[in-house]
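Here the structure comes first, spelled out in structure tokens, and everything after it is commentary.
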Amino acid sequence: QSARSAATAASVSAPRDDPDLQKSAEAAKAGKIQLLEEEIALVMGRLSALKDTVAAKEETVQAQHESLAFQRAQLRGARDSVYLLRCDIRHNSDLLLRNQVRVPRVADEVPRVDPVLEETDAYRGLSREEVQGR
């Protein structure tokens, strides 16, 4: 029985001492490490690309905010101009009526006020001078 145990012990320890098996195990371990390093590099590349995408999108959003602010200012200027023109038309119509001058038909062609488009609530209580001074 002791001879059998010695033979079994020798066969179990033999693979550990076998240089070919050790080289094979080391090669397998190195291969796994290389695959993991390649995967890490790939993930890092994707992360970098995503960071670049986020930065580009943030720049786009900022540019859109600036465009919207500029367009709001332009729209406000256009609405102010429409308001001032309507004030002039009303003033001139009042002068014509006070002086008993017949209002020309052209005045009938002036479009009706569109409260939503012209944002008339924003001008309620403002004088012509206040709107001009903006």
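So the sequence shown is numbered by the numbering used here: it starts at 76 and just counts up by one.
Idealized CB from N, CA, C, for every residue including glycine.
Endpoints, alpha helix (DSSP H) assigned at residue i
| i | result |
| --- | --- |
| Glu124 | In the sequence on display, residue 124 carries Ala and not Glu. Start and end: Pro94 to Arg173. |
| Arg203 | Arg203 to Gln207 |
Pairwise C-alpha distance: residue j and residue i
| i | j | result |
| --- | --- | --- |
| Ala165 | Arg209 | Position check: residue 165 holds Arg in this sequence, whereas Ala was assumed. Spanning the two alpha carbons is a distance of roughly 21 Å. |
| Val185 | Val129 | 50 Å |
| Leu143 | Ala197 | 19 Å |
| Val206 | Asp163 | 13 Å |
| Gly200 | Ser123 | 56 Å |
| Leu171 | Arg161 | 15 Å |
| Lys126 | Leu111 | 22 Å |
| Glu204 | Arg173 | 23 Å |
| Ile108 | Glu133 | 37 Å |
Exposure label - residue i; buried when at least 16 CB within 10 Å
| i | result |
| --- | --- |
| Ser88 | Because Ser88 carries a pLDDT of 48, less than 50, the predicted location of this residue cannot be relied on, and the following value inherits that uncertainty. Under this definition Ser88 is an exposed residue. |
Query raised in the report: How do the segment 187 to 197 and the segment 151 to 161 stand: do at least 3 beta-carbon pairs fall below 8 Å, yes or no?
Result: yes
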